[in-house]
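Enquirer:
In mature numbering (1 follows the signal peptide of the UniProt record, and there is no 0), the protein residues as written are -35 to -1, 1 to 146.
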């Protein structure tokens, strides 16, 4: 009888081990799958980091994601943030205009752009009209404290000078007065 009980206990233990293995098999599969995914991800990340190394453009150094150059591989950066580098100038296109980048800060998450007509010191109206919604559709969020200018052309001088600022270099041509608000 003791032998029968021992055999029964042994059968139970074998059954328990088999059940335990069957229960642990999915967990083991999950762990091995995760290890394979992690290893593959690390290899891809190492490959991407090598292929997408930080770069210099104009006067700016250590530029990386989301920015890219036209010559970068497709997986590097975002095409909406493609930079053109020409000597000491870095530009980015929004709509049909290439804006000069005058400041780029990863720390504050900001980029400062200047219309090329103003950057060259010439006096002219902006190359294109931009609103906050135009910038958002281009992948940029406008800064709440940013300065927006509206230009208007009038045939007569505006008397309320405190509300509008005359743009002298654009005014008095053909008896026209240009103001910015």
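Heads up, the beta-carbon is just placed ideally off N, CA and C, and yes, glycines get one too. From a predicted model like this one, the values you see are computed outputs, not experimental measurements.
Please list the segments of the beta strand (DSSP E) lying wholly inside the stretch 25 to 53, counting only runs of 3 or more residues, in order along the chain.
Expert: For the stretch 25 to 53, whole beta strand (DSSP E) runs of length 3 or above, ordered along the chain, are 25 to 28, 47 to 51.
Enquirer: Can you give me the C-alpha to C-alpha distance between residue 53 and residue 66, rounded to a whole angstrom?
Expert: Going by the C-alpha atoms only, they are around 11 Å apart.
Enquirer: Tell me which same chain residues have a C-beta within less than 8 Å of the C-beta of residue 78, skipping the five on either side of it?
Expert: 57, 59, 64, 65, 66, 67
Enquirer: Would you kindly report the start and end of the unbroken beta strand (DSSP E) that includes residue 62?
Expert: Residue 62: member of the beta strand (DSSP E) spanning 62 to 70, first to last residue.
Enquirer: So what does DSSP say about residue 131, is it helix, strand or coil?
Expert: strand
Enquirer: If residue 27 sits next to residue 19, beta carbons under 8 Å apart, how far is it from one beta carbon to the other, in whole angstroms?
Expert: 5 Å
Enquirer: Return the chain-ordered list of same chain residues with a C-beta closer than 7 Å to the C-beta of residue 41, the five sequence neighbours on each side being excluded.
Expert: Excluding positions up to five away in sequence, the list reads 16, 17, 33.
Enquirer: Select from 73, 62, 76 the residue whose C-alpha is nearest the C-alpha of residue 91.
Expert: 62
Enquirer: What I want to know is whether the C-beta of residue 65 ends up closer than 7 Å to one or more non-hydrogen atoms of the ligand GTP.
Expert: Ligands displayed in this structure: none; no statement on the ligand GTP is therefore possible.
Enquirer: Counting C-beta neighbours from all protein chains within 10 Å, is the total for residue 25 16 or more, i.e. buried, or is it exposed?
Expert: buried
Enquirer: Check whether the Cβ atoms of residue 22 and residue 55 lie closer than 8 Å to each other.
Expert: yes
Enquirer: Please classify residue 116 as buried or exposed, where buried requires at least 16 other C-beta atoms within 10 Å of its C-beta.
Expert: Around the Cβ of residue 116, a 10 Å sphere holds fewer than 16 other Cβ atoms; the residue is exposed.
Enquirer: Buried or exposed: where does residue 71 fall if 16 or more other Cβ atoms within 10 Å of its Cβ makes it buried?
Expert: Its Cβ having fewer than 16 others within 10 Å, residue 71 is exposed.
Enquirer: Quick one: grab the DSSP three-state call for residue 7.
Expert: Low confidence applies to residue 7: its pLDDT is 46, below 50, so where it sits in the model is not reliable enough to give any reading.
Enquirer: Who does residue 78 pair with in a DSSP beta bridge?
Expert: In the DSSP assignment, residue 78 is bridged to 66.
Enquirer: What do you reckon, are the CB atoms on residue 120 and residue 141 nearer than 8 Å?
Expert: yes
Enquirer: Quick one: what's got a C-beta closer than 8 Å to residue 76's C-beta in the same chain, skipping five residues either side?
Expert: 57, 66, 68, 69, 70, 105
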